[in-house]
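Enquirer: I'd like to ask you about the structure that follows.
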Amino acid sequence: MEFRLLGTVCVDTLTGPLPLGPAKRRSLLAALLLRANTPVSMARLTDCLWDDAPPLHARTVIQGHVSRLRALLTGADADAYGVELATLGDAYVLRAPETLLDSQRFEELLMLAREQRSPADTVLMLKEALSLWQGPALTGTYASTPLQAAAHALEESRLTTVEQLAHAYAVLGEHHRAAAVLRAEADAQPLRESLAAALMTALYRSGRQSEALDRFHRTRRLLADELGIDPGRELADAYAQILRGDPDPAAAGQGAGPEPEPESRRTAGVSGPVAPPRPPRAVPPSHPGGPAHPTDLLPRAPRGFHGRGAELTALSRAAAGEAPVCLLTGPAGVGKTALALHWARRSPAAFPDGRLFADLRGFGDTGEPTTLEVLREFLLALGVAPRRVPESVAGSAALFRSLTDRLSLLVVLDNVRDSAQVRQLLPGGADCVTLITSRHRLEGLIASDAAVPVPLDVLEPLDGTALLAGVLGEERVRAEPVAARRLAELCGGLPLALRVTAARLAGRPQWTLAAMADELADERSRLSLLAVEDTGVSAALRLTVQQLPPDALHHFTRLGHHPGSRFDPYTAAALAGSNPVVAAAALERLAAAHLIAETGPGHWELHDLVRLYARGLDPAAGPGALIGVLDHYIATALAAADTAEPGGEPCFLLPDGYHRPAAVRDFTDRAEAMDWLAAEREDLSLAAAAARGAGLDDRAWRIILLQWPHVVWRARDGWAPMLELALAAAAARSDPYAESRVRNLLGWVLSEEGRITEAADLLEPSPGLARRAGDRLGEATALINLAIVQAEQGGLDVALEGCGQALELARKEPDAHTEMLALQHLARMQLAAGRPQDALDSTRAAFDLGPEPEEAARRVLLTTVSGEARLALGAEDEGVRLLDLAAADAERAGYDEGAVRALEALLRVTAEPVYVRRYEAAVRRLADDG
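The opening residue of the sequence shown carries number 778 in our numbering; numbering runs sequentially from there.
Quick look at the structure:
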């Protein structure tokens, strides 16, 4: 376990960071860690969490955050590390060994660095200290005065350490390293004169005097423009030292100093080495029995090749480089060999000395040829007499490189397993091109030989149908264009699958394409249908999968049971029963083997046919994998809701038999949590549907309901079908708590969509269901939502009474979040009833409860009602100011519906062009969002 303040405030464990949640909770932890092992008073914590007057419920908020932190630490076995969050009267203390806190280790390393006698050891200590920093200190916390002061002090210590490291490098005479360390910091802190002075000196000592002087003049101008001051003593002294040409102290015995410039560079008068002129290309030395014509070992290209224009262009561009190695990578069956051969045969004149080919069978059952066997075949093809072929790999490789040194030759190495398999087979000539195909990424070859990767993906439907036409004939495909496209889609654009399908159809002229598509539509038999003799998708995948290590294979088999379309290490870990660290390593291995595709940083997906294959490897694991991933989604959605709307989650009871994930994603702020909910919406919906299909209704409704912050933020975004599925799941469980909660959210969505009568019918039983479940807050929410509908239907008095009852229930609980919700809607109804002063009083009471910074929507709506109430009371200037403030707040937060409401109210009293433009822009954004 490790506590981090030097970057995003977090608690790292062996399975990943703890999900700390909202900024206030992170700030509370930071305040405790900054005074670790020392009691921190409630007053101090309040100052750290709120800048202005704290809300009335500040103590309750702090107690809630402490309770949640304790639960998280307990769940991570914090006591095993000697960590305890204790209460001492009106204070809290976080007891933890100092070795677990990065800021304490940072200070300890600085102290050790000061004690070193060797500059080299000092460098090591300082570099290790700086490596603890992962971003600006206390990132993710509330910007209160005490925390900002602490962050500034930590940053000052870091900058001082950077300057100390640069000085240590200078003592060693490594001025180029000192300059590299200082440059980024000086750019980020351009007004810090000590950094600029140190950088100037380092640049000068490393022979870059003009850069050093330029840095001085830039800093001098910036100081004058920004602060109206001249450079200080330190900066001026550094400038004078450069102008005087003071010698490098390191050169006088304090360090090794920079290496002398090579004689060739000094005499040439250039800034880099001078390459000798390249001799003209010539034929290789003659050998007895040498070839009279260019060698060509290429097999024939497959019939029906189509498309791949972008990849062909990329190969040609890569081949135009100096001694290029082109790396054509992609999953099994994607058509790498076909593309390589098509490209190789397209321009025979480009390789006047011939084309060599070897199938290295890195993914076959028949055994790989040895390197010596391949080299012997190449040498014989180049005209070397059999008796002159060396018997060792090293000798044959050297002769091959020598022979090809002056040739223009293409070497195609097909089905390569790893980088080591081909290094001895690379030709020696600068005019030679090597084209390698592999199911693995071969990153070692990219690093060692500057191989240019050309990744190959599946075919688009149009190219897929064209491939079918190339085998079956244009007429047959043209007769059934819709079925042909469907076949291309069912084959997932995989050329191997398309060729197998075409082969089956070619042998059965009486079959229609539609009949074949109907057969392939059945997932249970699709893979068996995509096989002819010993060729097929399953056979190709088997050869890749059999080389996987056990961990990667285990994760691969479980990924086949994923109900969604994409996954990350947390999802993969939940499916496999591992942790995200192990899962991430397995995913990297699977991606390198092109069994999964990376769609973005930290996110992957499975090709449909690969998913079917993976699922079939261990079908019995399906139920356990499904429960694991469903409970992962519940835990992650809870963490997202807690961060996006702290204290307002509608569902906190976990299902029976809940499998707690090894680690849960940590969201540092509302934006990150909302982004996750938006990005995962489709997969969450698929997961809920899979849960419903498997009879896991207690999971289905929770997964859907926990998306409520996103539902509220984008209320008119087609949520009703998914919420209706949740309602069916809740009803199937005969769970009044669940049914009431789902009815509340679905009824609100329907009312926002203008379906008032449906909403009223749905919401009518909700308060009673909540009462039966003993859910006071659910009953209050149900009364509020029902009141909204009643007000729309003209029953304003009944609606006001319902909101009043909801307010009483929230205050009895007590729950500030629900109380604010009741006051917000009560104020809106009071305004509609012609009681603007009452509405203003209600909004003031809500603001006194202190909406959190994350609650932008609530803040916007309360400010809007306040502005409208001010207008109704005749205070037009104040009303316009508040409405403008609400609109601006909504625009900053991306809350377009709130911006439209505030701007509509503004336009009723003023037709200022700026408001008209902002209103039209907000309406356009809403329309674009659907």
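Positions of the beta carbon are idealized from the N, C-alpha and C atoms, including for glycine.
Just curious, the beta strand (DSSP E) that threonine 1181 is in, first and last residue?
Expert: Within the sequence shown, residue 1181 is the residue found at index 404, counting from 1. Threonine 1181 -> no beta strand (DSSP E), and no H or E assigned at all.
Enquirer: Between the Cα of threonine 1558 and those of Arg1549, Val1566 and Ala1599, spot the shortest distance and give me the residue it belongs to.
Expert: Within the sequence shown, numbered from 1, the residue matching residue 1558 stands at position 781. Nearest of Arg1549, Val1566 and Ala1599 to threonine 1558, Cα basis: Ala1599.
Enquirer: So the beta strand (DSSP E) serine 1196 belongs to, where does it begin and stop?
Expert: The sequence position of residue 1196 within the sequence shown is 419, counting from 1. No beta strand (DSSP E) holds serine 1196; DSSP gives it neither H nor E.
Enquirer: Going by DSSP, which residues form a beta bridge with cysteine 787?
Expert: Along the sequence shown, read from residue 1 onward, the residue named residue 787 stands at position 10. DSSP, once it has assigned bridges, lists Arg781 as partnering cysteine 787.
Enquirer: Under a three-way DSSP split, which group does proline 1544 fall into?
Expert: Taking the sequence shown and counting its residues from 1, one reaches residue 1544 at position 767. It is helical.
Enquirer: Can you find the residues in the same chain that come closer than 8 Å, C-beta to C-beta, to arginine 1458, ignoring five residues on each side of it along the sequence?
Expert: Within the sequence shown, numbered from 1, the residue matching residue 1458 stands at position 681. Excluding residues within five positions, the ones whose Cβ falls inside 8 Å are Gln1484 and His1487.
Enquirer: If the criterion is Cβ atoms closer than 8 Å, does the pair glycine 1551 and glutamine 1567 meet it?
Expert: Your numbering for residue 1551 matches position 774 in the sequence shown. Your numbering for residue 1567 matches position 790 in the sequence shown. Cβ distance not < 8 Å, so glycine 1551 and glutamine 1567 don't count as in contact.
Enquirer: Measuring CA to CA, which of Asp1234, Ser880, Asp879 and Ala906 is closest to arginine 891?
Expert: Translated into the one-based positions of the sequence shown, residue 891 becomes position 114. Ranking the options by Cα distance to arginine 891, first place goes to Ala906.
Enquirer: Spell out a yes or no on whether the stretch 1279-1297 and the stretch 1349-1358 are touching, meaning 3 or more CB-CB pairs, one atom from each, closer than 8 Å.
Expert: Counting Cβ pairs under 8 Å, fewer than three are found: no touch.
Enquirer: For the structure I just gave you, are there three or more beta carbon pairs, one from the stretch 1430-1449 and one from the stretch 812-821, closer than 8 Å?
Expert: No, because fewer than three Cβ pairs between the stretch 1430-1449 and the stretch 812-821 fall closer than 8 Å, the two stretches do not touch.
Enquirer: For alanine 1197, which of Ala1224, Leu1187, Val1575 and Gly1172 has the nearest alpha-carbon?
Expert: For the purposes of this step, residue 1197 is taken as the residue at position 420 of the sequence shown. The option with the nearest alpha carbon to alanine 1197 is Ala1224.
Enquirer: Considering only the alpha carbon of each residue, which of Glu1668, Ala1664, Asp1625 and Asp1654 lies closest to alanine 830?
Expert: Here the question's residue 830 lines up with position 53 in the sequence shown. Of the listed residues, the one whose Cα sits closest to alanine 830 is Asp1625.
Enquirer: Got a sec, what are the start and stop residues for the beta strand (DSSP E) valine 1235 sits in?
Expert: For the purposes of this step, residue 1235 is taken as the residue at position 458 of the sequence shown. Element bounds for valine 1235: n/a, residue is neither H nor E.
Enquirer: Please confirm whether alanine 807 and valine 838 have their CB atoms less than 8 Å apart.
Expert: Counting from one through the sequence shown, the residue named residue 807 turns up at place 30. Counting from one through the sequence shown, the residue named residue 838 turns up at place 61. Cβ distance not < 8 Å, so alanine 807 and valine 838 don't count as in contact.
Enquirer: Where do the ends of the beta strand (DSSP E) carrying arginine 872 lie?
Expert: Counting from one through the sequence shown, the residue named residue 872 turns up at place 95. Segment 868-872, the beta strand (DSSP E) holding arginine 872.
Enquirer: Does the beta-carbon of leucine 783 have 16 or more other beta-carbons within 10 angstroms, so that it is buried, or is it exposed?
Expert: In the sequence shown, residue 783 corresponds to position 6, counting from 1. Under this definition leucine 783 is a buried residue.
Enquirer: Could you check whether leucine 1159 and leucine 1180 sit closer than 8 Å to each other, using their CB atoms as the reference points?
Expert: Position 403 of the sequence shown, counted from the first residue, corresponds to residue 1180. Position 382 of the sequence shown, counted from the first residue, corresponds to residue 1159. In this structure, leucine 1159 lies closer than 8 Å to leucine 1180 by Cβ.
Enquirer: Excluding five sequence neighbours on each side, which residues of the same chain lie with their C-beta closer than 7 Å to the C-beta of glutamate 779?
Expert: In the sequence shown, the residue the question calls residue 779 occupies position 2. Within the same chain, glutamate 779 has close Cβ partners Asp789, Leu877 and Asp879.
Enquirer: Is the CB-CB distance between alanine 927 and leucine 915 below 8 Å?
Expert: For the purposes of this step, residue 927 is taken as residue 150 along the sequence shown, with counting starting at 1. For the purposes of this step, residue 915 is taken as residue 138 along the sequence shown, with counting starting at 1. Cβ atoms of alanine 927 and leucine 915: closer than 8 Å.
Enquirer: To the nearest angstrom, how far is the alpha carbon of threonine 899 from that of arginine 882?
Expert: By 1-based counting over the sequence shown, the position of residue 899 is 122. By 1-based counting over the sequence shown, the position of residue 882 is 105. Their backbone Cα atoms lie some 16 Å apart in a straight line.
Enquirer: Residues bridged to cysteine 1103 by DSSP?
Expert: Taking the first residue of the sequence shown as 1, we reach residue 1103 at position 326. Cysteine 1103 is bridged to Leu1212 and Val1229.
Enquirer: Taking Cβ to Cβ, would you say leucine 903 is nearer than 8 Å to threonine 938?
Expert: Along the sequence shown, read from residue 1 onward, the residue named residue 903 stands at position 126. Along the sequence shown, read from residue 1 onward, the residue named residue 938 stands at position 161. Cβ distance < 8 Å, so leucine 903 and threonine 938 count as in contact.
Enquirer: Could you check what DSSP says for glycine 1131 in three-state terms: helix, strand or coil?
Expert: The residue labelled residue 1131 in the question sits at position 354 within the sequence shown. Strand, per DSSP.
Enquirer: Could you please give me the residues that DSSP links to arginine 1343 through a beta bridge?
Expert: Mapped onto the sequence shown, residue 1343 falls at position 566. Its beta-bridge partners are Glu1382.
Enquirer: When the distance is taken between beta carbons, is leucine 1133 closer than 8 Å to arginine 1192?
Expert: By 1-based counting over the sequence shown, the position of residue 1192 is 415. By 1-based counting over the sequence shown, the position of residue 1133 is 356. A small correction: the amino acid at residue 1192 is asparagine; arginine does not occupy that position in the sequence shown. No; because the gap between Cβ atoms is not below 8 Å, this pair is not in contact.
Enquirer: Which residue from Pro832, Leu1454 and Leu1116 puts its Cα closest to that of leucine 1089?
Expert: In the sequence shown, counting from the first residue as 1, residue 1089 sits at position 312. Ranking the options by Cα distance to leucine 1089, first place goes to Leu1116.
Enquirer: For leucine 1264 and chain C, any beta-carbon pair shorter than 8 Å?
Expert: Within the model displayed, chain C is absent; a lone protein chain is all it includes.
Enquirer: Which two residues bound the contiguous beta strand (DSSP E) that contains alanine 1374?
Expert: To locate residue 1374, count along the sequence shown from 1; it is residue 597. Note, alanine 1374: beta strand (DSSP E), 1374-1377.
Enquirer: Taking the alpha-carbon of proline 967 as reference, which of Leu1000, Gly950, Ser983 and Ala1175 has the nearest alpha-carbon?
Expert: If you number the sequence shown from 1, residue 967 lands on position 190. When each option's Cα is compared against that of proline 967, the closest is Leu1000.
Enquirer: Can the beta-carbon of alanine 974 be found less than 8 Å from the beta-carbon of leucine 1012?
Expert: Mapped onto the sequence shown, residue 974 falls at position 197. Mapped onto the sequence shown, residue 1012 falls at position 235. Their beta carbons are under 8 Å apart, which means alanine 974 touches leucine 1012 by this criterion.
Enquirer: Sorted by chain position, which residues of the same chain lie with C-beta nearer than 7 Å to leucine 1662's C-beta, five sequence neighbours on each side aside?
Expert: Counted from its first residue, the sequence shown places residue 1662 at position 885. For leucine 1662, where only same-chain residues beyond five positions count, the Cβ hits under 7 Å are Thr1640.
Enquirer: Pick helix, strand or coil for proline 1286, following the three-state DSSP scheme.
Expert: By one-based count along the sequence shown, residue 1286 stands at place 509. Here proline 1286 sits in coil by DSSP.
Enquirer: What would DSSP say about valine 1700, mapped onto helix, strand or coil?
Expert: Locating residue 1700 in the sequence shown gives position 923, where the first residue counts as 1. The answer is helix: DSSP assigns valine 1700 an H, G or I state.
Enquirer: Tell me where the beta strand (DSSP E) around glutamate 861 begins and ends.
Expert: Here residue 861 is taken as the residue at index 84 of the sequence shown, counted from 1. From DSSP, the beta strand (DSSP E) with glutamate 861 extends over 861-865.
Enquirer: Is the beta carbon of alanine 1497 less than 8 Å from the beta carbon of alanine 1477?
Expert: The residue given as residue 1497 occupies position 720 in the sequence shown. The residue given as residue 1477 occupies position 700 in the sequence shown. No, the pair does not count as a contact, with Cβ atoms beyond the cut-off.
Enquirer: Answer with buried or exposed for aspartate 991, where buried requires no fewer than 16 other C-beta atoms within 10 angstroms of its C-beta.
Expert: In the sequence shown, counting from the first residue as 1, residue 991 sits at position 214. Per the 10 Å Cβ criterion, exposed.
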